[in-house]
Amino acid sequence: MVDINVDVDPPVMKAFARNEASVSLSFKNDSDALYWCECEVKVAPPLTLARGRDLKNGLTKVGIIKPNGSAEKKIKVYTSGNSFPDTYEVNVTAFLYDETGSIAQRVDHKFGIECRESQLQGEQ
Numbered sequence: 011m012v013d014i015n016v017d018v019d020p021p022v023m024k025a026f027a028r029n030e031a032s033v034s035l036s037f038k039n040d041s042d043a044l045y046w047c048e049c050e051v052k053v054a055p056p057l058t059l060a061r062g063r064d065l066k067n068g069l070t071k072v073g074i075i076k077p078n079g080s081a082e083k084k085i086k087v088y089t090s091g092n093s094f095p096d097t098y099e100v101n102v103t104a105f106l107y108d109e110t111g112s113i114a115q116r117v118d119h120k121f122g123i124e125c126r127e128s129q130l131q132g133e134q
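Every number in this note's numbering is 10 more than the matching position in the sequence shown, counting from 1.
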C-alpha cells in the first residue's frame, strides 16, 4: 500500500493577488513491491499549474519507489488576480505501475488550498 502526504508552502495564499505555492507530494511504500509512480494533478480556477496561463490538468513523473521506501515530488500551483477568499480543491491521482508495466494500484488524494484576504498590520 502506498500513502500520499501533502505539504503546501505557504499554507494560505492571499486573495485578489497573483501567488505561487510549492506543493510537496510525499509517497510512502509500505509493501515489498517495487513501483514506478506518476501522478495526474487537477486544479480548478483560479488555481493553475502554469504561471500566467490557464492549465487545469498536469502529469508529473515521480519515479521509482522501492519496497518499504519513499519518494517525494514538488510541484508549483499558481493563482491569478481573481482569486476570491475560499478554499480551492486540488485532486492528485497516483498511478503505481508494477514490474510488468501494468497499473498495480491507483491512489486518489484530495486537498484544499486556502486563499484569504490579507490582514491589516497589527490584526491577528
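Glycine included, every Cβ here is placed at the ideal spot set by N, Cα and C. Predicted model, so just to flag it, every value in this text is computed and none were measured.
- By the 16-neighbour rule on beta-carbons within 10 angstroms, residue 104 is buried.
- At the C-beta level, residue 87 and residue 48 stay beyond 9 Å of one another.
- Excluding residues up to 5 positions away in sequence, 39, 41, 42, 43 and 44 lie with their Cβ nearer than 8 Å to the Cβ of residue 77 in the same chain.
- In this structure residue 18 is in contact with residue 123, their Cβ atoms being roughly 6 Å apart against a cut-off of 8 Å.
- Beta-bridge pairing by DSSP links residue 22 to 124.
- Residue 126 has its alpha-carbon roughly 12 Å from the corresponding atom of residue 20.
- Residue range 29-39 is occupied by the beta strand (DSSP E) that includes residue 38.
- According to the DSSP assignment, residue 89 belongs to the beta strand (DSSP E) that extends over 80-89.
- Contact check for residue 100 against residue 120 passes: the beta carbons are separated by less than 9 Å.
- The beta carbons of residue 22 and residue 106 sit about 31 Å from each other, so the pair does not count as a contact at 8 Å.
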